[in-house]
Every structure is written in C-alpha cells, then in structure tokens.
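Residue numbers (my numbering): 1 to 120. What follows is one structure encoded as structure tokens, with my remarks underneath.
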Amino acid sequence: MLFQKEVRAIFAKIIFALGMIMTSATGTSEAPVATLSKVEVPAYAKWSRLAIKQTMLKYPRAEIKDYLHIATDSKNVTSVEKFQLWLKEEEREFGVIVTVTYSAETGQFIRINFQEIPVQ
C-alpha cells in the first residue's frame with residue numbers, strides 16, 4: 001500500500017538523521033545503528049499517519065512529495081497537531097496545511113481540516 005511505504009520512508013529518514021546527529025554530537029565513530037535504538041516515536045506519529053491518509057483520500061490523484069510536522073497546541077480540552085504536506089497532481093504542485101484536533105483527555109479524534117497553500 002502506497003501510504004505505508006511513504007510513512008515508513010519518512011520515519012526512516014527521521015531516524016537516520018537523528019542517528020547521524022547523535023553520532024556527530026558525541027564525537028565518537030560509532031555507527032548510527034548503535035544510536036537508533038534510543039530514538040523514540042514522536043508523540044504526534046499517530047496523528048501524522050491520519051493526516052497523510054486523509055490527505056490521500058481528499059486528493060486521490062496527487063502524490064505526496066514532502067511532509068512536515070509544524071506544531072502541537074495543547075489546551076485543557078482539546079489538542080491540535082498541524083502538518084504541512086506538499087503535493088503534486090499532474091503538473092500542479094501545492095501545499096496543504098492539515099490540522100488534526102483531538103480530545104486532550106481521551107485522545108479521541110474530533111476533526112480534521114485542510115487548507116491549501118497558494119503557490120507563490
């Protein structure tokens with residue numbers, strides 16, 4: 001399934017980059033593999049998978065070219081995760097801000113919003 005491959009590729013890049021940073025920061029010559037076991041899955045991972053999946057459903061002919069977690073905003077009742085995805089649909093490239101709102105208490109999904117970013 002294309003969605004799973006893209007998510008795996010994104011996480012693989014993140015883990016590799018973190019491993020390289022951790023290795024270079026310690027000044028050792030250990031391979032990045034030694035530091036990969038220390039990397040935790042980000043708290044927003046569940047919501048990034050949902051954002052990517054729902055974006056693919058909303059834009060079925062588009063290919064997701066890039067992904068970025070922008071921010072987490074936690075309140076007493078709700079929390080919000082914001083992501084920016086860059087899509088390519090035929091010759092058109094555009095960005096989409098995906099906002100996922102969920103219950104801060106229960107972790108239950110509330111809503112998702114999409115806002116296209118105009119190309120400058």
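From the three backbone atoms N, C-alpha and C, an ideal C-beta is built for every residue, glycine too.
Exercise for review: Could you check if A62 is buried or exposed, using at least 16 other CB atoms within 10 Å of its CB as the buried criterion?
Suggested key: Burial is judged here by how many other beta carbons sit within 10 angstroms of a residue's own beta carbon; A62 has at least 16 and is buried.
Q.
Comparing C-alpha positions only, which one of K88, F94, T99 and L87 sits nearest to S79?
A. T99
Taking DSSP as the reference, what is the three-state secondary structure of K75?
coil
Q) Beta carbon of K88, beta carbon of I70: below 9 Å? A) no
* Asked: Should Q115 be labelled buried (16 or more other beta-carbon atoms within 10 Å of its own) or exposed?
  -> exposed
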